[in-house]
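Take a look at the structure below.
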Amino acid sequence: MTNKNNLLAGELERLGISRRTFLKFCTSIGSVMALSPAQAAVMAEKLVTVKRQSVIWLSFQECTGCTESITRSHKPSLESLIFDFVSLDYHHTLQAASGHAAEQAREQAMHDNQGKYILIVDGSIPIKDDGVYSTIAGMTNLDMLQQVAKDAAAIVAVGSCATFGGLPKASPNPTGAVSVSDIVHDKPIINIPGCPPIPVVMTGVLAHVLTFGIPELDSMGRPKAFYGDSIHDRCYRRPYYDRGQFAKSFDDEGARKGWCLYELGCKGPITHNACATVKWNNGTSFPIQSGHGCLGCSEPDFWDAGGFYKALSTGTNSPGQWATAALAAGAAAGLASAYLNKSSKADAEKDHQPVTLEDMGGKS
Amino acid sequence: MSTSFQQGINVLKKVIDAPIAAYFSSCTSCGLCAQACIFYTETGNPKYTPIRRVEPMRRIWEQEFTLVGKAKKLLGLSKPVTGQDLKDNVELAFESCTTCGRCTMVCPVGNDIVYMIRRMREGLTAAGLAPKSLQAAAVRTLEKGSVMGFPLKTLEAMIQAAEKETGIKINIDEPNVDYLLLLSSAEVMQFNEIIGALAQIFKEAGVSWTFSSDAYEAGNPGMHMGASEIEAQMINRIVKAAEQLHIKNVISPECGHAYMAIRWEGPNVIGRPYPFKVFHIIEVLDNLRKEGRLKTTGLESERITFHDPCQAARRGGVNQPQRNLLNMVTSNFIEMTDNQSCNWCCGGGGGMNTIESAEPLVKKVFNRKKKQIDELDVTTVVTMCATCRNTLEEGIEENNMNIEVMGLTELLANHLLKEKKS
Amino acid sequence: MNEIELLNWARGPGLAYATAIMFFGLSIRVIEILSLGRPEELAEVRDSGVRDGWLMILKRSLPEVRHWKYITASYIFHIGLLVVIFFFIPHTHLFRDVFGIFWGGWPNYIIDFFTVLSIAGMLYTLVARFYDPARRILSKMSDYLAWLVTFLPLVTGYMAFHRLGLDYTTMLAVHILSVELLMIAIPISKLTHVVTFTMARWYTGSNQGRRGVRS
Chain A
22 MTNKNNLLAG ELERLGISRR TFLKFCTSIG SVMALSPAQA AVMAEKLVTV
72 KRQSVIWLSF QECTGCTESI TRSHKPSLES LIFDFVSLDY HHTLQAASGH
122 AAEQAREQAM HDNQGKYILI VDGSIPIKDD GVYSTIAGMT NLDMLQQVAK
172 DAAAIVAVGS CATFGGLPKA SPNPTGAVSV SDIVHDKPII NIPGCPPIPV
222 VMTGVLAHVL TFGIPELDSM GRPKAFYGDS IHDRCYRRPY YDRGQFAKSF
272 DDEGARKGWC LYELGCKGPI THNACATVKW NNGTSFPIQS GHGCLGCSEP
322 DFWDAGGFYK ALSTGTNSPG QWATAALAAG AAAGLASAYL NKSSKADAEK
372 DHQPVTLEDM GGKS
Chain B
6 MSTSFQQGIN VLKKVIDAPI AAYFSSCTSC GLCAQACIFY TETGNPKYTP
56 IRRVEPMRRI WEQEFTLVGK AKKLLGLSKP VTGQDLKDNV ELAFESCTTC
106 GRCTMVCPVG NDIVYMIRRM REGLTAAGLA PKSLQAAAVR TLEKGSVMGF
156 PLKTLEAMIQ AAEKETGIKI NIDEPNVDYL LLLSSAEVMQ FNEIIGALAQ
206 IFKEAGVSWT FSSDAYEAGN PGMHMGASEI EAQMINRIVK AAEQLHIKNV
256 ISPECGHAYM AIRWEGPNVI GRPYPFKVFH IIEVLDNLRK EGRLKTTGLE
306 SERITFHDPC QAARRGGVNQ PQRNLLNMVT SNFIEMTDNQ SCNWCCGGGG
356 GMNTIESAEP LVKKVFNRKK KQIDELDVTT VVTMCATCRN TLEEGIEENN
406 MNIEVMGLTE LLANHLLKEK KS
Chain C
71 MNEIELLNWA RGPGLAYATA IMFFGLSIRV IEILSLGRPE ELAEVRDSGV
121 RDGWLMILKR SLPEVRHWKY ITASYIFHIG LLVVIFFFIP HTHLFRDVFG
171 IFWGGWPNYI IDFFTVLSIA GMLYTLVARF YDPARRILSK MSDYLAWLVT
221 FLPLVTGYMA FHRLGLDYTT MLAVHILSVE LLMIAIPISK LTHVVTFTMA
271 RWYTGSNQGR RGVRS
């Protein structure tokens, strides 16, 4: 892991990628990030001259889906180029080294690039019972995160587990899983949620970090360029929603006609991601296009936000059962109140003295 | 002395029942009741908005009979009803309301506001706040026999005069006859031609009937006040008389509130069903018509309209008989724009015309009736309630209108077909 | 708390609590009313009153044409509100989820129309509360609050649907929370009439029926 002074220009040359192709790549990344063509050119300019960036990738409570997402492209893509270019000094799934050697590589990178390396995290961090539920080389995830984050320039949390706790955090959260931002408070953190995130989103953000620094983020630390719009706002089925044309089941007429999947539980309206525009598998499709509603995987607690196949407008805590119980409890309380009212009326009856003619100034 | 502020509050607690609780729970302060009330429409003063007339009662209901209200009271968010509150309410419950119930007909949630105003009056009376004139009327009724205070002798003189005029013998205290006839004081004193008129009609129809020397007054100031015990005494006098004479049918005269008292409230205030039936005189006449026993001759060709008395028509359910009878004797009967259940009140009922301080208001609100009559261009207004008749006559005179007012019974008597019988 | 957590709270525990409070409260209110009892009718009645009681419940929902100036706005508002609540498709799914019955919804443009109508109607009723003397004298703080808690869900719902104001997630959360506020207000304010109007009409209608009065 030397070659510190290697520039991407040389790498491109080695791979036989023309400058024009590279510029096209930067323009496409730039367009999904809503950069102007001029800025895309600047990005291309900067990228070819930037030094290899040291990256440490920590995987905690995760399923490796995020890594799969970024590495498993149908064809060798320019996206992967970014990963080829950075100096991925530690990634326990991808690296060849294992055991002590692997950990040593991490420590070496931390030492050599103190304050300059980028830390990428996927997976959530268990903190219950001192974090015993997930350890690497005898070290808890919590300790390792704190140790590595200390000298990082910036942190990129990849996937919903690292950004929001994800599935491990789902109720009842047996390991006490939390997100990176729950632990690290003194470093810039870029959240790239999704289960998994879209590959180009990951590479795009990295390209931005390498060239322009940290991109503009929303209130949840997500790059606005990719997470600024909801799936619903960009969904090609949106006109059906507006017209009130909904598929009622996955195999009905509406479903075949490609009507809106709201009634089948699509969480698109509250889910912020770039699926509807960037799409998956090199722009082939995305869940809604394939006929399934959005699960809302790039939003916090999506696993606990009610059934995937229940409409967004439904309650998640069985309000019906609450209503029934409340009616019964109310009946009991009402009867108690009725009892008090009855006795108060009975008292009034008892204390009542008839109005007589005498009261009116009469004789009897 | 059993009236006091505390007794008043006590009565209000006592009378609040499920309907009243449902009414207060449902009121949305939409103010539509005001649009139905002559005291608002003719004065423009929002204080007369009907539902406001029962505000003290609403507060008692809320504070005493709802958990929310109890909590509010504990937190000091609502103040208990004071003696002053009740005093201030007298004007609204007694002196500017005829209990005509037109408001009840428009309330979107269906609140029977008059049902509540009657109970409100009951509370005020128990608090000793009933208008003096109504109290005096109650004393006269029970001590002297009639609302206006005339004794039996006066009625007897009227009966004798009627006998002389018609040549028909009129019974007093005759047992086992078909009907016991009651009269209202106003009829005896002002419209006593009704005695002779009925004597003739009943003779032609072959109806046997009598007066009672113990119970000849149908008027019931106890009901206006909501003094249910006194109301009951007045009712019981009639019930006793009917029972002693073994009479199965009692006739309430052309008097709206008398009908309400004897027909609908009576059994409830005395706490038992009657052993006899009660009819409004117009119902009796309509029944005779149906049986072919009432025959008339000639038709009034002038433009004639009918004023439905609130307590008999809107509140009492007598709407069709008067129309059947009118069609017998008129060829030019014209309905008022708002009629039957939605007729506008004359403005003098519910005890209003006995309350001296209310006189200017009664005159003012007559304006609505005037408008109603004016737009019809009629010569005669017929009605079936002595109080309405009285108020109409006074209002018509006051406004220099050239309109005749008539009781329906009298109109029928004028057209009675007399078959010669020995 | 981020907007998603807010929304999840509103859809989850918030909705459950509000539902519980509303049904708890209404249950008390209805029993409190019924338990006060109705005196037995001792007068000889013309009719049992049952028919007229039911008729009254239905007929009083028809417009009182002679007072059209006073009722049109609130009439429209009530119709609009009922349409929006019960026929907006996302709402129908909530009801299906809670009560297990589904009656299908109406297209969004119809709902949109009724929402605007309701909002306009409500604004007019507020203005009328200031300008109509009778309404004004009857109006207490609670009347204005009741208006507000009814108005908020309409406006927030409209804004959420049209992506106005805050971002959709937050707006949706605010909308649901405003509905929960309304649900809590129902049993403790004059809004109880959403249930008790049937009782009030029943009592008056059946009483009139017994006396042979046409309502």
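Protein chains in written order, with this note's numbering: chain A, 22 to 385; chain B, 6 to 427; chain C, 71 to 285.
Where a beta carbon is used, it is the ideal one built from N, C-alpha and C, also for glycine.
In angstroms with no decimal places, state the Cα-to-Cα distance between B:ILE164 and B:CYS393.
Counting from 1 along the second sequence, the entry for residue 164 of chain B is found at position 159. Counting from 1 along the second sequence, the entry for residue 393 of chain B is found at position 388. B:ILE164 and B:CYS393: Cα-Cα distance of roughly 24 angstroms.
Of all Cβ atoms in chain C, is any one closer than 9 angstroms to the Cβ of B:TRP269?
The sequence position of residue 269 of chain B within the second sequence is 264, counting from 1. So, interface residue.
If A:VAL107 and A:VAL221 are in contact, beta carbons under 8 angstroms, what's the gap, nearest whole angstrom?
For the purposes of this step, residue 107 of chain A is taken as the residue at position 86 of the first sequence. For the purposes of this step, residue 221 of chain A is taken as the residue at position 200 of the first sequence. With a Cβ gap of about 16 angstroms, A:VAL107 and A:VAL221 do not count as contacting.
Does the Cβ-Cβ distance between A:THR345 and C:LEU85 come in under 9 angstroms?
Numbered from its first residue, the first sequence carries residue 345 of chain A at position 324. Numbered from its first residue, the third sequence carries residue 85 of chain C at position 15. No. Outside cutoff.
How close, in whole Å, do the beta carbons of B:GLN327 and B:GLY354 come, if the pair is a contact with beta carbons under 8 angstroms?
Reading the second sequence from its first residue, position 322 is the one you call residue 327 of chain B. Reading the second sequence from its first residue, position 349 is the one you call residue 354 of chain B. Actually they do not touch by this definition, with Cβ atoms about 17 angstroms apart.
Checking the sheet assignment: what are the DSSP bridge partners for A:VAL142?
Locating residue 142 of chain A in the first sequence gives position 121, counting from the first residue. According to DSSP, A:VAL142 bridges with A:LEU79, A:ALA178.
How long is the line joining the alpha carbons of B:MET239 and C:PRO109, rounded to whole angstroms?
Taking the second sequence and counting its residues from 1, one reaches residue 239 of chain B at position 234. Taking the third sequence and counting its residues from 1, one reaches residue 109 of chain C at position 39. Going from the Cα of B:MET239 to the Cα of C:PRO109 covers about 21 angstroms.
Here's the rule I'm using: 16 or more other beta-carbon atoms within 10 Å means buried, otherwise exposed. How should A:LYS134 be labelled?
As a first step, residue 134 of chain A must be located in the first sequence, where it is residue number 113. In the sequence as displayed, the identity of residue 134 of chain A is Asn instead of Lys. Buried is the call here.
If we ignore side chains and look at the alpha-carbon of each, how far apart do C:PHE169 and A:GLY341 end up?
As a first step, residue 169 of chain C must be located in the third sequence, where it is residue number 99. As a first step, residue 341 of chain A must be located in the first sequence, where it is residue number 320. When rounded, the distance between both Cα atoms is 6 angstroms.
For the beta strand (DSSP E) holding A:ILE210, just list the boundary residues, first then last.
For the purposes of this step, residue 210 of chain A is identified with residue 189 of the first sequence, where counting begins at 1. Per DSSP, A:ILE210 belongs to the beta strand (DSSP E) from 210–213.
Looking at chain A, is there any beta carbon in it that lies within less than 9 angstroms of the beta carbon of B:PHE70?
Along the second sequence, one-based indexing puts residue 70 of chain B at 65. True, the Cβ-Cβ gap to chain A drops below 9 angstroms.
Within the region 279–340 of chain A, note down every full alpha helix (DSSP H) run reaching 4 residues or more, in order along the chain.
Correct list: 296–299.
With 9 angstroms as the threshold, decide whether the Cβ of A:GLY187 is near any Cβ in chain C.
Position 166 of the first sequence, counting from 1, holds the residue named residue 187 of chain A. Taking Cβ atoms only, chain C never reaches closer than 9 angstroms to A:GLY187, which makes this a no.
Just to make sure I have the definition right: I need the residues of chain A whose C-beta is within less than 7 angstroms of the C-beta of B:SER7. Which are they?
In the second sequence, residue 7 of chain B corresponds to position 2, counting from 1. The contacting residues are GLN374, PRO375, VAL376, THR377, ASP380.
What residues in the region 245–276 of chain C bring their beta carbon closer than 7 angstroms to a beta carbon of chain E?
In the displayed structure, chain E is absent; the protein chains listed are A, B and C.
For the beta strand (DSSP E) containing B:ASN254, name the first residue and the last one.
Indexing the second sequence from 1 puts residue 254 of chain B at position 249. Its beta strand (DSSP E) spans residues 254–257.
So, does the CB of C:VAL283 fall closer than 9 angstroms to a CB anywhere in chain B?
In the third sequence, counting from the first residue as 1, residue 283 of chain C sits at position 213. It does: the Cβ of C:VAL283 has a partner Cβ on chain B nearer than 9 angstroms.
Using the Cβ count rule (16 or more neighbours within 10 Å means buried), how would you classify A:ASN26?
Residue numbering aside, residue 26 of chain A sits at position 5 when the first sequence is read from its first letter. Caution is warranted here: a pLDDT of 47 is assigned to A:ASN26, below 50, making its placement in the model unreliable, and no coordinate value can be reported.
Just grab the DSSP bridge partners of A:ALA198 for me.
Along the first sequence, read from residue 1 onward, the residue named residue 198 of chain A stands at position 177. DSSP output for A:ALA198 lists A:PRO147 as bridge partner(s).
Mind listing the chain C neighbours of B:TYR184? Cutoff is C-beta to C-beta under 7 angstroms, in chain order.
Sequence index remark: in the second sequence, residue 184 of chain B carries index 179 (1-based). Ordered by position in chain C, no residue passes the 7 angstroms Cβ test against B:TYR184, which lies about 16 angstroms from the chain.
Looking at C-alpha atoms only, which residue of B:SER9, B:GLN12, B:LYS18 is the closest neighbour of A:LYS363?
As a first step, residue 363 of chain A must be located in the first sequence, where it is residue number 342. The option with the nearest alpha carbon to A:LYS363 is B:LYS18.
Pull the bridge partners of B:HIS285 from the DSSP assignment, please.
Translated into the one-based positions of the second sequence, residue 285 of chain B becomes position 280. Per DSSP, B:SER257.
Should B:LYS158 be labelled buried (16 or more other beta-carbon atoms within 10 Å of its own) or exposed?
In the second sequence, counting from the first residue as 1, residue 158 of chain B sits at position 153. Looking at its Cβ environment, which holds fewer than 16 other Cβ atoms inside 10 Å, B:LYS158 is exposed.
Figure out for me which residue from B:ARG107, B:GLU127, B:PHE29 has the closest Cα to the Cα of B:GLU236.
Locating residue 236 of chain B in the second sequence gives position 231, where the first residue counts as 1. Ranking the options by Cα distance to B:GLU236, first place goes to B:GLU127.
I'd like the span of the beta strand (DSSP E) that includes B:LEU185, first residue to last.
To locate residue 185 of chain B, count along the second sequence from 1; it is residue 180. 184–186 is the span of the beta strand (DSSP E), which, as asked, contains B:LEU185.
Should C:ILE171 go down as buried or exposed, given a rule of 16 or more other Cβ atoms within 10 Å for buried?
For the purposes of this step, residue 171 of chain C is taken as the residue at position 101 of the third sequence. Exposed, by the Cβ-count rule.
Pick helix, strand or coil for C:PHE50, following the three-state DSSP scheme.
Nothing about residue 50 of chain C can be reported from this structure: the residues present for chain C run from 71 to 285 only.
Let me confirm a value: B:HIS251 is counted as buried when at least 16 other C-beta atoms fall within 10 Å, else exposed. Which label applies?
Against the second sequence, residue 251 of chain B aligns to sequence position 246. Exposed: under 16 other Cβ atoms inside 10 Å.
With which residues is B:GLY412 paired in a DSSP beta bridge?
The count along the second sequence starts at 1 and reaches residue 412 of chain B at position 407. For B:GLY412, which the question treats as bridged, DSSP gives the partners B:THR388.
So, does the CB of A:GLY314 fall closer than 9 angstroms to a CB anywhere in chain C?
The sequence position of residue 314 of chain A within the first sequence is 293, counting from 1. Not one chain C Cβ lies under 9 angstroms of A:GLY314.
Just reading off the beta strand (DSSP E) that B:THR4 is part of, what are its end residues?
What is shown of chain B runs 6 to 427, which leaves residue 4 of chain B out entirely.
Strictly under 9 angstroms for the Cβ-Cβ distance: is B:ASN15 near chain A by that measure?
On the second sequence, position 10 is the one that residue 15 of chain B refers to. Closer than 9 angstroms: yes.
Ordered along the chain, which non-local residues of its own chain (more than five positions away) have a Cβ less than 6 angstroms from that of B:ARG64?
Within the second sequence, numbered from 1, the residue matching residue 64 of chain B stands at position 59. Excluding sequence neighbours, B:ARG64 sits near VAL86.
What residues of chain B sit near A:GLY383, judged by a beta carbon separation below 8 angstroms?
On the first sequence, residue 383 of chain A is found 362 positions in, with the first residue counted as 1. Within chain B, the residues near A:GLY383 are ALA143, VAL144, LEU147, GLU148.
Kindly indicate if chain A contains any beta-carbon less than 9 angstroms away from that of C:ILE155.
For this step, residue 155 of chain C is matched to residue 85 along the third sequence. It does not: the Cβ of C:ILE155 has no partner Cβ on chain A nearer than 9 angstroms.
Can the beta-carbon of C:THR89 be found closer than 9 angstroms to that of C:LEU151?
Reading the third sequence from its first residue, position 19 is the one you call residue 89 of chain C. Reading the third sequence from its first residue, position 81 is the one you call residue 151 of chain C. Cβ atoms of C:THR89 and C:LEU151: not closer than 9 angstroms.
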